[in-house]
Amino acid sequence: MEGLSSPLRCFREHHAAEMFTDDGVETVTSVEQKKVESSIEEVISVYKQIHSLPQPMLLREQHYQYLKKGLRHLSDAYECLDASRPWLCFWILHSLELLEEPIPAAVASDVCQFLSRCQSPTGGFAGGPGQHAHLAPTYAAVNALCIIGTPQAYSVIDREKLLDFLWSVKQPDGSFVMHVGGEVDVRSAYCAASVASLTNIITPRLFQDTPNWILRCQNWEGGLSGVPGLEAHGGYTFCGTAAMVILGKEHMLDLKALLRWVVSRQMRFEGGFQGRCNKLVDGCYSFWQAGLLPLLHRALFKEGESELSRQRWMFEQQALQEYILLCCQNPGGGLLDKPGKSRDFYHTCYCLSGLSVAQHFGNADLHHEMILGKEENRLAPTHPVYNICPEKVAQALQHFLQLPVPADAGPPPPPGPAPAGPAPALVPAPRRSGGRANQPNPGDSTRPGSSSQA
Ligand SMILES: [Zn+2]
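full-length UniProt numbering puts the first residue of the sequence shown at 1, with every later residue one more than the last.
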């Protein structure tokens, strides 16, 4: 483990020189940026007054209590997330695994039963029991079940139906809609690729043309937008890039332009990341943006880049840890966007995930830790593609790769009026038995989190 330099970066004399200057042009954006910087300056100055030793602490016990309570009881404030209930399971379970807090068997079993009630008869998972299947809660549910990692958890997932659901949302141009009749954006490609690779249901045709469609989302800025032609955004950039990695096509992206875009999103004064150019820092981008650096490191390594560090990611890992530990912790547990905002499970999950990325370089074979503060601040590493702990990814792959890939019925027939005249004989679509030709094997050694990553 590498000791971090003292004093803290934000205690150094020249830190104030990193503050934003508006060059005499005041805009709504510049005013907001200055407000955020002054609130952070205040947090730092209070911290300086009460701590002679600069050892920012992760409030483990408080976060644990907050998360434990959330698994059984949510306040009224969460009513608006009634269609995102598998997400709450994932956010809380992943935060607990990062804190290395075991999930009691009874709780794990209850979560499995709840998620099985969210599984739709048409395949995939819905945001709650009785709702329509949607790719986002499908991703969250599969991740949550893989974190639990018991035979009961794996058996919840109906893989044949899941494949049917993925076909029902696949579009002819390679993209996916989030749900039947819903919107297209690059989140869906990631959610589909993530669940399909984890559960071993990738068929040769399922992701046909998807990499080409994702590639169209990379714009002149270097990052990726939700759909081709829009502004680059951290969440979409992570989703598109991680999907490309799963599909083994990350080399198709302009990796250098992507690298330049993402490292420019780390804020000079705050140390955290913004989601888009000219936006404010936000704790959740600690994962969506910083999480791109492990993906890029590995992709550039595969491309033969010889100058890559074998100890550090290409962002300021200490500055991000300072931002999360000093500015994003609620003293009563839970983490948040920025000072002045309230805590929630989403920000708790993604602040902790980003903190883990900033603490751990490399993979199982080449590992270098850089922990700000005491050793007790150390979180478990997270898998940069799936954002669950690497051993849970390995365990799920080991389980599902033993099962055959379900037969691929292919795309459903296009909707439309029944043809006039006598009904044609019903010829069943050719059903091919599973095979993984031309598809990357998520369990092979070139996958992220395995030996060749760095
Ligand atoms: Zn946020």
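For glycine and all other residues, C-beta sits at the position ideal for the given N, C-alpha and C.
What do you get for residue i, buried or exposed, if any count of 16 or more other CB atoms within 10 angstroms of its CB means buried?
i	result
SER95	buried
GLY304	exposed
GLN359	buried
ARG431	The predicted model places ARG431 with a pLDDT of 37, which falls under 50 and marks its position as unreliable, so this point remains unresolved.
GLN439	Interpretation of GLN439 is limited by its pLDDT of 33, a score under 50 that renders its predicted location unreliable; the figure taken from the coordinates is listed afterwards. With 16 or more Cβ atoms within 10 Å of its Cβ, GLN439 is classed as buried.
THR203	buried
GLN266	buried
ALA429	Confidence at ALA429 is low in this model, with a pLDDT of 37, below 50, so the placement of that residue should be treated as unreliable; the coordinate-derived value is given next. Exposed, by the Cβ-count rule.
ASP22	exposed
ILE92	buried
GLN398	exposed
GLU250	buried
ASN200	buried
THR237	buried
GLU100	exposed
ILE50	exposed
GLU376	exposed
ASP158	buried
ASN212	exposed
residue 481	This structure leaves residue 481 out entirely; the chain is present only between 1 and 454.
LEU67	buried
GLY223	buried
ARG72	exposed
ARG187	buried
ARG298	buried
GLN218	buried
Residue i: beta carbon under 8 Å from a heavy atom of ligand 1?
i	result
ALA283	The sequence shown places Gly at residue 283, rather than the Ala named in the question. Yes - ligand 1 has a heavy atom lying nearer than 8 Å to the Cβ of GLY283.
HIS94	no
ILE236	Per the sequence shown, the amino acid found at residue 236 is Tyr instead of Ile. No - ligand 1 has no heavy atom lying nearer than 8 Å to the Cβ of TYR236.
TYR323	no
TYR190	no
HIS297	no
TYR78	no
HIS347	yes
TYR350	yes
ASP337	yes
Please name the residue, chosen from the options, that lies closest to residue i on a Cα-to-Cα basis.
i	options	result
PHE269	LEU401, GLY24, GLU42 and ARG312	GLU42
LEU325	MET244, LEU308, TRP313 and THR348	THR348
VAL156	ILE103, VAL111 and GLY128	VAL111
GLN131	SER38, SER84 and ALA409	SER84
GLN33	VAL281, GLU97 and GLY24	VAL281
ASP344	TRP220, LYS161, CYS80 and THR21	CYS80
TRP220	TYR154, ALA257 and GLY128	ALA257
PHE315	GLU18, GLY291, PRO331 and ASP337	GLY291
VAL180	CYS277, GLN317, GLY174 and TRP167	TRP167
TYR285	VAL31, SER264 and HIS297	SER264
GLY70	PRO411, CYS328 and PRO86	PRO86
PHE11	PRO54, PHE20 and GLU37	PRO54
HIS277	VAL262, PHE287 and GLY271	A small fix is needed here, since residue 277 is Cys in this sequence, not His. When each option's Cα is compared against that of CYS277, the closest is VAL262.
GLU322	PHE301, LEU98, CYS351 and TYR346	CYS351
ALA409	HIS367, PRO381, GLY226 and GLU160	GLU160
GLY248	GLN171, ARG9, GLY128 and ILE214	ILE214
PRO411	ASP365, GLN218, GLY234 and LEU163	LEU163
ARG310	GLU369, THR210, ASN330 and ASP209	GLU369
ARG378	ILE148, LEU295 and MET57	MET57
HIS15	PRO137, ALA319, GLN113 and GLN62	ALA319
Run through the DSSP bridge pairs and tell me what residue i is partnered with.
i	result
VAL281	GLN274
LEU335	GLN329 and ASP344
PHE361	HIS368
ALA133	ALA126
GLN119	PHE125
GLN266	PHE273
At a threshold of 8 Å, does residue i count as lining ligand 3 (C-beta to nearest heavy atom)?
i	result
PHE125	For the structure depicted, ligand 3 is absent and the ligand set comprises only ligand 1.
**Study point:** Entirely enclosed alpha helix (DSSP H) segments - the region 182–241, minimum 4 residues
**Key:** If only uninterrupted alpha helix (DSSP H) runs of at least 4 residues are considered, those enclosed by the region 182–241 are 186–198 and 210–215.
Review point. Can you list the alpha helix (DSSP H) stretches of 4 or more residues lying completely in the region 142–184, in chain order?
Key: When DSSP assignments are scanned along the region 142–184, the uninterrupted stretches of alpha helix (DSSP H) that are 4 or more residues long and fall wholly within it turn out to be 151–156 and 159–169.
Check your understanding: Taking only runs of the alpha helix (DSSP H) that begin and end inside the region 278–321, which ones reach a length of at least 4 residues, in chain order?
Key -> 285–288 and 292–302
Review point. Curious, which full-length alpha helix (DSSP H) runs of at least 4 residues does the region 42–73 contain?
Key: List check, alpha helix (DSSP H) in window: 60–72.
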